[in-house]
Amino acid sequence: MLRPGIVPLLLTSLLVVGCASPNRVAPPEGALSAAEIRALFTGQTVKSVTFSKGTVRETYYMANGEIRRLRNGEVRKGTWRVRKNGRLCQQVGDHEESCHAIVRAGDTHVKYVVRKNGDHRPVVRYISFTPGNPLRL
């Protein structure tokens, strides 16, 4: 027999666990910290390629949180920030903001989707980091 008051406590615990945020999921092995991400991206033009379609894009990450992205000959504007938990968050054009883990993988870096179930899926490989804005984005 359960003691009075324990059932609401158990239900609340299940609700909290069931609604866990993907930000509480352990990051993939080699994930960068917030400070490492800021140091890697700030003031850099970053060339990347998507795993799904092979789309190449170049993005300039300004220190003030703005980004300029060149993709398919078109420049798109947006914002970026880094969460305390080491997630790089970006919002470009009319798309919603998305936040991802950045992982050091040998000589390169990879952006990962981190799902609630703990599944970590690579979505972007970073090809190069060039200081400044040589493309004048």
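Numbering-wise, the sequence shown is residues -16 to 120 according to my numbering.
We treat Cβ as the ideally placed atom computed from N, Cα and C, and that holds for glycine.
Kindly indicate the opening and closing residues of the alpha helix (DSSP H) around residue i.
i	result
GLU19	17 to 24
Which residues bound the beta strand (DSSP E) around residue i?
i	result
GLY61	57 to 65
PHE71	One detail in the question is off: residue 71 reads as Leu in this sequence, not Phe. Start and end: 70 to 75.
LYS30	27 to 33
HIS83	81 to 88
When you compare only the Cα positions, how much space is there between residue i and residue j?
i	j	result
VAL65	GLU49	12 Å
SER4	VAL97	Annotation note: pLDDT 44 at SER4 (below 50); position unreliable, no value reported.
ILE110	GLY76	23 Å
ASN116	ILE85	22 Å
VAL8	GLY101	6 Å
ARG119	TYR95	28 Å
SER81	LEU53	18 Å
LYS99	TYR44	28 Å
HIS78	GLY89	31 Å
PRO142	VAL58	Residue 142 is absent from the model: the chain starts at -16 and stops at 120.
GLY69	GLY56	31 Å
VAL29	HIS103	22 Å
HIS92	ASN47	23 Å
Could you please give me the residues that DSSP links to residue i through a beta bridge?
i	result
PRO105	TYR95
GLU41	LYS30 and LEU53
PRO114	GLN27
Margin query: Contact between the segment 12 to 22 and the segment 30 to 43 is defined here as three or more beta-carbon pairs at a separation below 8 Å; is this criterion met?
Written below: no
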